[in-house]
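Numbering-wise, the numbering used here puts 1257 at position 99 of the sequence shown, and it's gapless, one number per residue.
Reviewing the structure listed below.
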Amino acid sequence: MTDDKIRVEPFEHGCKACQWAGWTYHRGRWGNMYVCSGDGGTVLIRYSDEPSDYWSVMVGTRKYTLDLEGEEAKEYIGKRDLYKRWHEGDYDSVYNEYELDMETRAHHTKMLNKLAERKAKKEGETR
Ligand SMILES: [Zn+2]
């Protein structure tokens, strides 16, 4: 590992009713996700060893919206538009935005063609 790399251990978390559910990136920070069977069921994200440094939500909470502004809003809109373009098959604009080299583009085109072939074959079999 070089100097600019770091291996981070899971943070301290004492609740015996919690089950580990992996690392997650949430609210701009890396955290440890847990599902807790105590208190009717909770999803919890621990951001550090500091006991109060966590976020949690009750399982079954009504879905709520998220308000974003400034850089966060810009980033969200950028990604949403990127996925939309990709989903609609506008690959060239995505390639250009990420300045992908010709080799990567060719590889992707090859994969897409393979998928299309496989799909056509499958459809042929079911008829
Ligand atoms: Zn717990």
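For each residue, glycine too, the CB sits at the ideal point set by N, CA and C.
From the options, residue whose alpha carbon lies closest to that of residue i
i, options, result
"residue 1216", "1184, 1192, 1181", "1192"
"residue 1187", "1197, 1258, 1212", "1212"
"residue 1190", "1204, 1229, 1282", "1204"
"residue 1207", "1225, 1281, 1233, 1172", "1172"
"residue 1265", "1182, 1277, 1249", "1249"
Buried versus exposed, by CB contacts within 10 Å (16 or more), residue i
i, result
"residue 1164", "exposed"
"residue 1194", "buried"
Pair within 7 Å by beta-carbon distance, residue i and residue j
i, j, result
"residue 1256", "residue 1263", "no"
"residue 1202", "residue 1214", "yes"
"residue 1287", "residue 1196", "In this structure the chain extends from 1159 to 1285, so residue 1287 is not present and cannot be described."
"residue 1251", "residue 1238", "no"
"residue 1234", "residue 1226", "yes"
*What alpha helix (DSSP H) runs, 4 residues minimum, are completely inside the segment 1180-1248?*
1228-1245, all fully within the segment 1180-1248.
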